[in-house]
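Okay, so the sequence shown: first residue is 300 according to the numbering used here, each after it adds one.
Notes follow the structure.
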Amino acid sequence: MDKKSLAKRNAIYKKVLAKITPSKKELVAEKKLFASIKKEVEGLEGKHSHLEWCGSSARNTHLHGDRDLDLFLMFDKELSEKEFEEEGLRIGKEIFHEEKWEVAYSQHPYVRGTIKGFDVEIVPGYIVKSGHEKKSAVDRTPFHNKFLLEKMKPSQRQDVRLLKQFLKGIKAYGADLKNQALPGYGVELLVLYYGDFEKTIEKIAKWGEQEIVLLKKRKRNAKEDFFTPLIIIDPVDENRNVASALSVEQFERMKLAAKKFIEDASEKFFFGETINTWPKSMIVSELAKREFLAIQADFPKNILPDLMWGQLRRYLRKAANSLEEKDFVVKRTNLWSDEKKVFFLFELNKLKLDKIKKVYGPKQTDKENVKNFLSKKRKILKKYIEEGKVILEIERKERNAQKVLEGFVVSCRDDEKEGMKNCLAKAKVLSEKDILEHYKGEFAEHLTKYLEGKEFFE
């Protein structure tokens, strides 16, 4: 890299870090709050052992404005699961006093809420000797904390912040299942593995179809156990892929963004760009060139969003399959939700199929298979030989894509899990005209981006 390019990048990093690094005041407030909660926990009667502060704020790799405290209430591993849950919830609730809190659910229930402006989670965990001996998924977390505090250099904390913000800017960062992105712990491991932000970006730009990040030796080849595009083996539990939720789309987005940043670095990669929604007339014009249908549903209430996103994606695939089974070509599918409304989008080659369907059979000389082919129940309009094969022309029963999708929505509603049943209770199929009626707010931004078909950094 020439001196001019290096100077340009360093100037960008300096500006970005000035915006994303927590202030001394923030850091002092976090430590003060943890100390007060820890002291209170130590004074409470119960079967707990101690409180551990984990997560990015404990390691000082978090971003400015991230006011999260992930606190783990540790118990002896011999404690029964029932007592573990009861004690975890009892002590968690006591900590919040008059502050706002709620019980949330992961593998075990835990308490989360707000204390002095901070989002605090009190999560019960078992004391085990290593991540391999975990009794619950969260038992690994204190080992994550210890590993990174021991291995990470102080200077790498700022590199982690840069990479987090870079991925945040291109919308490929986060542990939630909605975005199928890379979690903070995965970001920290990448920086630790490659050395710093600069080297990490250069490596990402050169990633192939599948990449393995291995911080410790492993007996088996990771490709034998994991099939995701990015495999980051958890250094505290070799049976876990930290990047398991990262989708192929996000993996490719990371690679493309890294290449473009190297070609022409700018702050926009870190903070994104505002999406200028197309005027409705432009949307009408663009949709006139395509064939669209959608299913509109309600995001279910009183259920953790992370528990729903997998179900929503499965439903999208099932709906697309129902169209393809009836000979419709589904060119693209897309899912959008603000966790209030849900839109399943389908772009097809055509909305109405021809009345006559041509069915290709076996060779005329293959008497047995010809007999089986002709024995199937269907209304044959024409039969003839073409290039030695038996050809039938039959009448299609279902030619309208919207009716096929409407039939699918009704027929499979009762087969879904409780969350999806609630989601689909008032589901309806939308034509292009109906879709336009919902063209506003975040959905308008999403549809604009979909129709543009490119990233802001391209």
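Where is the CB? At the ideal position from N, CA and C, for every residue including glycine.
- Trp400 sits in a strand when the DSSP states are folded into three classes.
- In summary, Gly416 is exposed, with fewer than 16 beta-carbon neighbours lying within 10 Å of its beta-carbon over all protein chains present.
- Here the C-alpha atom of Ile532 lies approximately 20 Å from the C-alpha atom of Lys554.
- Classified as buried, Asp458 has 16 or more neighbouring CB atoms from the shown chains inside 10 Å of its CB.
- For Ile574, the three-state secondary structure derived from DSSP is coil.
- In this structure, Gly391 lies away from His407, with their beta-carbon atoms at least 9 Å apart.
- Linking Leu368 to Gly354 through their CA atoms gives a straight-line distance of about 7 Å.
- When the beta-carbon positions are compared, Asp637 and Phe598 come within less than 9 Å of each other.
- For the 9 Å CB-CB criterion, Leu746 and Arg698 do not form a contact.
- Separation of Lys450 and Lys302 (C-alpha to C-alpha, rounded to the nearest whole angstrom) is 31 Å.
- Counting only runs of at least 3 residues, the region 604-667 fully encloses the following beta strand (DSSP E) elements, listed from N- to C-terminal order: 629-636, 640-647 and 655-662.
- In the structure shown, Ala328 adopts helical secondary structure according to DSSP, grouped into three states.
- Contact annotation: Val658 and Cys722 have beta-carbon atoms that are not nearer than 9 Å.
- The beta carbon of Ile693 sits closer than 8 Å to those of Ile655, Lys656, Val658, Arg677, Lys678, Ile679 and Leu680, all from its chain and outside the five residues before and after it, given in chain order.
- Where Thr413 is concerned, the enclosing beta strand (DSSP E) starts and stops at Pro408 to Ile414.
- Only exposed fits Ile684, as fewer than 16 other CB atoms lie within 10 angstroms of its CB.
- For Tyr738, no alpha helix (DSSP H) run applies, since DSSP gives it neither H nor E.
- When secondary structure is reduced to three states using DSSP, Pro599 falls in the coil class, being assigned neither helix nor strand.
- Judged by beta-carbon spacing, Glu398 lies within the 9 Å limit of Gly412, meaning their Cβ atoms are closer than that value.
- Ranked by Cα distance from Ala474, the first of Leu447, Leu545, Asp536 and Lys376 is Leu545.
- In the DSSP secondary-structure assignment, Asn540 is bridged to Ile532.
- Its Cα nearest to that of Leu481, the residue Phe550 stands out among Phe526, Asn538 and Phe550.
- Rounded to the nearest whole angstrom, the CA to CA distance from Asp714 to Glu705 is 16 Å.
- Linking Ala564 to Glu380 through their CA atoms gives a straight-line distance of about 52 Å.
- Annotated three-state conformation of Ile594 is strand, per DSSP.
- In this structure, the straight-line span from the alpha carbon of Thr664 to that of Val703 is close to 37 Å.
- At a Cβ-Cβ threshold of 9 Å, Gly468 and Asp536 do not count as neighbours.
- Just so you know, the alpha carbons of Lys522 and Glu401 end up roughly 40 Å apart.
- Your pair Glu590 and Asn633 does not check out as a contact, with CB atoms roughly 14 Å apart and the cut at 8 Å.
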